[in-house]
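Going line by line, the protein sequences match chains P and S. Using numbering that gives the first Met the number 0, you'd call the opening residue of the first sequence number 0 and step up by one each time. Using numbering that gives the first Met the number 0, you'd call the opening residue of the second sequence number 0 and step up by one each time. This report refers to the structure that appears directly beneath it.
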Amino acid sequence: MALPAIEEIKAKIEAAIPGASVTVIQNGSPSAQHSLLLDHAHAPAVAKFLRDHAELRLDYCTLVTGVDWPDTETSEKIKVKKLVKAADGTESEQEVDEVRKTKVPGYLEAVYHLFSMEKKHGPVVIRLRTANRTDDTHVPSLTPIWRGAEFQEREAFDLYGIVFDGHPDLRRILMWEGFKDFPMRKDYVPPPDEIPDVAAQAAGQESHA
Amino acid sequence: MPDDLKDLKIELSKNGIFTTTLEEIYNWGRKNSVWPLTFGLACCAIEMIATTMARYDLARFGAEVFRPSPRQADLIIVSGTVTKKMAPQVVRLYNQMPEPKYVIAMGACAISGGPFRDGYNVLKGIDRYIPVDVHIPGCPPRPEALIHAFMTLQKKIDEQALAGSSRPRHLQKDLPSEFPVPEFGEHGLEPPQNDLVFHDAPGNPLKVIQ
């Protein structure tokens, strides 16, 4: 049986769970694999609904992925009226181009791909986003719904620093206890002393300063 | 051995008299019974296993006895990617081997980190922590390359002097036979390398490759 369209799934969720905010994230590529962005408060309920709904039966979570969206800066040119001093000393009001920069804060994202073993359909992609990349990196864990997500959520916690609230055993899984960095984040830099040429370069810069 | 003695030895052997030196017979015995440690890390280990099998037959060189304990091994073949999590165990295994002991770093990963050099989780060459006798490039090196490395090691063992200032590390009392095991730090392994073995200072007795 074919999977309902993503808007239909969204409508089903919103009808079944009052107050749940579901946003469809469009995928412009030829795959057109659109996804559903869930809010934190209702995410476990929505996940349970997707798993247990008679028509959907998304009983199999194949993968959990972390995504790092760094802070971005957009700049736009706007025209501003300004007092401009001419060469002869007279001031006049003129339109001047000014570049205004706006910082868009980044966030971390956990992406779940859901399939149905029973109905032989999928995937349905759902996303959870953290508030930012620094001090509030919490999302609700979906391990209570799909047990198979346990190790993959641990991996996303290990490498991206996404904290899954409600996870039964949230520890680092690949790196050791006591490791402080999150190596899969875009702004991760390995320790410079490991690569001799980089270390030498850094030493050279210091001596110039 | 001085040249005139060598000539004499050849002359005697032509007349059916076999002469040797303690050094020669000792090294001859050692180089033909190098027992490696049963130890593999990644895909290179598959090539190492193939080398010991019938087609390539490492037994021809007296090295077919892979010992499951470091206490009985003479050689550790670091065959494959050394992750930062595995590096302390590799150094510990090396430390547990009795002298004289030798190291072959097999493959691009073991000698430098290879294709994973820019990764956060891979040690950039095992020669940061233990002295390596023979490096083999390749990804993975073919069994012939491992055999060549093995023969290079045999030649090296054969040339080791028992006395004098050029004698190897295990015959010099003041040189270490164990090396510090790195620890897991907050950003990587602590220390990132053992300067005693890693740095290419001239005349460093622990830097095996000159």
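The beta-carbon is built from N, C-alpha and C at its ideal position, and this holds for glycine as well.
**Request:** Counting only the same chain and skipping the five closest in sequence on each side, list residues whose C-beta sits under 6 Å from that of S/Val-133.
**Result:** Indexing the second sequence from 1 puts residue 133 of chain S at position 134. These residues qualify, in order along the chain: Ile-103, Ala-148, Thr-151 and Leu-152.
**Asked** Can the beta-carbon of P/Asp-70 be found closer than 7 Å to that of P/Pro-17?
**Response** Sequence index remark: in the first sequence, residue 70 of chain P carries index 71 (1-based). Sequence index remark: in the first sequence, residue 17 of chain P carries index 18 (1-based). Against a cut-off of 7 Å, the Cβ pair of P/Pro-17 and P/Asp-70 comes out as no contact.
**Request:** Take S/Gln-209 and list the residues in its own chain whose beta-carbon comes closer than 8 Å to its own, dropping the five residues that flank it on each side.
**Result:** As a first step, residue 209 of chain S is located in the second sequence; it is residue number 210 there, counting from the start. Because the pLDDT of S/Gln-209 is 38, which lies under 50, any placement of that residue in the model is unreliable, and the number read from its coordinates should be weighed accordingly. The same chain holds no residue with a CB closer than 8 Å to that of S/Gln-209 once the five nearest residues on each side in sequence are set aside.
**Asked** DSSP on P/Trp-261, reduced to helix/strand/coil?
**Response** The first residue shown for chain P is 0 and the last is 208, placing residue 261 of chain P beyond what the model contains.
**Message:** For a contact defined as C-beta to C-beta under 9 Å, what are the partners of S/Phe-183 on chain P?
**Reply:** Position 184 of the second sequence, counted from the start, is the residue given in the question as residue 183 of chain S. Chain P residues near S/Phe-183: Met-174, Trp-175, Glu-176, Gly-177 and Phe-178.
**Cβ of S/His-134 within 7 Å of any chain P Cβ** = Here residue 134 of chain S refers to the residue found at position 135 of the second sequence. Cβ-Cβ to chain P under 7 Å: no for S/His-134.
**Message:** Just list the residues that DSSP pairs S/Glu-182 with in beta bridges.
**Reply:** As a position in the second sequence, residue 182 of chain S is number 183, starting the count at 1. Partner(s): S/Glu-189.
**For S/Phe-65 and S/Leu-36, the rounded distance between their alpha carbons** = Indexing the second sequence from 1 puts residue 36 of chain S at position 37. Indexing the second sequence from 1 puts residue 65 of chain S at position 66. When the Cα atoms are used, S/Leu-36 and S/Phe-65 turn out to be separated by approximately 5 Å.
**Asked** At which residues does the alpha helix (DSSP H) containing P/Asp-164 begin and terminate?
**Response** Position 165 of the first sequence, counted from the start, is the residue given in the question as residue 164 of chain P. From DSSP, P/Asp-164 is part of no alpha helix (DSSP H) but of the beta strand (DSSP E) over 162-164.
**Asked** Are there 16 or more other CB atoms within 10 angstroms of the CB of S/Lys-13, so buried, or fewer, so exposed?
**Response** Translated into the one-based positions of the second sequence, residue 13 of chain S becomes position 14. Exposed is the call here.
**Asked** Which two residues bound the contiguous beta strand (DSSP E) that contains S/Val-133?
**Response** Against the second sequence, residue 133 of chain S aligns to sequence position 134. S/Val-133 -> beta strand (DSSP E) spans 133-135.
**Asked** Are the beta-carbon atoms belonging to S/Ala-44 and S/Ser-78 less than 7 Å from one another?
**Response** Your numbering for residue 44 of chain S matches position 45 in the second sequence. Your numbering for residue 78 of chain S matches position 79 in the second sequence. Inclusion of S/Ala-44 and S/Ser-78 in the CB contact set at 7 Å is warranted, their separation being smaller than that value.
**Own chain, CB closer than 7 Å to P/Phe-48, minus 5 neighbours either side, in chain order** = Counting from 1 along the first sequence, the entry for residue 48 of chain P is found at position 49. So the qualifying residues of the chain are Ile-12, Ala-15 and Ile-16.
**Asked** Within the chosen definition, does the segment 71-79 of chain P reach the segment 92-104 of chain P through at least 3 CB pairs nearer than 8 Å?
**Response** The answer is yes - the segment 92-104 of chain P touches the segment 71-79 of chain P, with three or more Cβ pairs under 8 Å.
**Asked** So, do the segment 146-154 of chain P and the segment 85-95 of chain P have three or more beta carbon pairs nearer to each other than 8 Å?
**Response** No, the segment 146-154 of chain P does not touch the segment 85-95 of chain P.
**Asked** If you measure from the beta carbon of P/Pro-139 to each beta carbon in chain S, is any gap under 7 Å?
**Response** Position 140 of the first sequence, counting from 1, holds the residue named residue 139 of chain P. For P/Pro-139, the answer is no, since every Cβ of chain S falls outside 7 Å of its Cβ.
**Asked** For the candidate residues S/Gln-95, S/Tyr-25 and S/Cys-138, whose alpha-carbon lies nearest to that of S/Arg-70?
**Response** As a working mapping, residue 70 of chain S is identified with position 71 in the second sequence. Comparing Cα-Cα distances from S/Arg-70 to each of S/Gln-95, S/Tyr-25 and S/Cys-138, the minimum goes to S/Gln-95.
**Asked** CA-CA distance, P/His-207 and S/Ser-68?
**Response** By 1-based counting over the first sequence, the position of residue 207 of chain P is 208. By 1-based counting over the second sequence, the position of residue 68 of chain S is 69. The predicted position of P/His-207 is uncertain, since its pLDDT is 46 and thus under 50; a value taken from the coordinates is nonetheless stated next. Going from the Cα of P/His-207 to the Cα of S/Ser-68 covers about 52 Å.
**Message:** Could you check whether the segment 18-31 of chain S touches the segment 112-127 of chain S, counting it as contact only if at least three pairs of C-beta atoms, one from each stretch, sit closer than 8 Å?
**Reply:** No, the segment 18-31 of chain S is not in contact with the segment 112-127 of chain S.
**Request:** State yes or no: is the beta carbon of S/Tyr-119 nearer than 7 Å to at least one beta carbon in chain P?
**Result:** Working through the second sequence from its first residue, we reach residue 119 of chain S at position 120. Using beta-carbon distances, S/Tyr-119 counts as an interface residue toward chain P, with a partner under 7 Å.
**Prompt:** If you run the structure through DSSP and keep just helix, strand and coil, what is P/Gly-121?
**Reply:** Taking the first sequence and counting its residues from 1, the one referred to as residue 121 of chain P is at position 122. Three-state DSSP puts P/Gly-121 in a strand.
**Boundaries of the beta strand (DSSP E) in which P/Asp-96 is found, first to last residue** = Here residue 96 of chain P refers to the residue found at position 97 when the first sequence is read from its first residue. Element bounds for P/Asp-96: 90-103.
**Item:** Within-7 Å CB hit, S/His-169 to chain P
**Value:** In the second sequence, residue 169 of chain S corresponds to position 170, counting from 1. Contact of S/His-169 with chain P is not assigned, every C-beta pair being separated by 7 Å or more.
**Prompt:** For P/Tyr-187, which residues in chain S fall below 9 Å Cβ to Cβ?
**Reply:** Against the first sequence, residue 187 of chain P aligns to sequence position 188. What P/Tyr-187 touches in chain S: Tyr-119.
**Item:** Reference P/Pro-167; option with closest CA among P/His-41, P/Ala-4 and P/Pro-143
**Value:** One-based indexing of the first sequence puts residue 167 of chain P at position 168. For P/Pro-167, the closest of P/His-41, P/Ala-4 and P/Pro-143 by C-alpha to C-alpha distance is P/Pro-143.
**Asked** Quick one: Cα of P/Ala-19 to Cα of P/Val-66, how far?
**Response** By 1-based counting over the first sequence, the position of residue 19 of chain P is 20. By 1-based counting over the first sequence, the position of residue 66 of chain P is 67. If you take the alpha carbons of P/Ala-19 and P/Val-66, they lie about 23 Å apart.
**Message:** Applying the 10 Å Cβ sphere with the 16-neighbour rule, what's the burial state of S/Pro-191?
**Reply:** Indexing the second sequence from 1 puts residue 191 of chain S at position 192. Answer is buried; the Cβ neighbour count reaches 16.
**Asked** What did DSSP end up calling P/Ala-53 once you bin it into helix, strand or coil?
**Response** The residue given as residue 53 of chain P occupies position 54 in the first sequence. Coil.
**Request:** State the Cα-Cα distance for the pair S/Tyr-119 and P/Gly-177, rounded to the nearest angstrom.
**Result:** On the second sequence, position 120 is the one that residue 119 of chain S refers to. On the first sequence, position 178 is the one that residue 177 of chain P refers to. When the Cα atoms are used, S/Tyr-119 and P/Gly-177 turn out to be separated by approximately 15 Å.
**Any beta strand (DSSP E) of 3 or more consecutive residues that is wholly inside the segment 59-113 of chain S** = Counting whole runs of 3 or more residues, the segment 59-113 of chain S contains the beta strand (DSSP E) stretches 74-78 and 101-105.
**Asked** Under the three-state reduction of DSSP, which class applies to P/His-137: helix, strand or coil?
**Response** Taking the first sequence and counting its residues from 1, the one referred to as residue 137 of chain P is at position 138. For P/His-137, the three-state secondary structure derived from DSSP is strand.
**Prompt:** Run through DSSP, which three-state label would S/Thr-50 get?
**Reply:** Walking along the second sequence from the start, residue 50 of chain S turns up at place 51. Secondary structure at S/Thr-50: helix, using DSSP grouped into helix, strand and coil.
**Message:** Within 10 Å of its beta-carbon, does S/Ala-162 have 16 or more other beta-carbons around it, so buried, or fewer, so exposed?
**Reply:** Taking the second sequence and counting its residues from 1, one reaches residue 162 of chain S at position 163. That one is exposed.
**Asked** Does any C-beta atom of chain S lie closer than 7 Å to the C-beta of P/Pro-190?
**Response** Counting from one through the first sequence, the residue named residue 190 of chain P turns up at place 191. Yes, P/Pro-190 lies at the interface with chain S (some Cβ there is under 7 Å from its Cβ).
**Within-7 Å CB hit, P/Pro-17 to chain S** = Start at 1 with the first residue of the first sequence, and residue 17 of chain P comes out as number 18. P/Pro-17 does not count as touching chain S.
**Request:** List the whole-angstrom C-beta distance separating P/Ile-125 from P/Leu-35, where the pair is believed to meet the contact cut-off of C-beta under 8 Å.
**Result:** Residue 125 of chain P sits at position 126 when you count from the first residue of the first sequence. Residue 35 of chain P sits at position 36 when you count from the first residue of the first sequence. With a Cβ gap of about 5 Å, P/Ile-125 and P/Leu-35 count as contacting.
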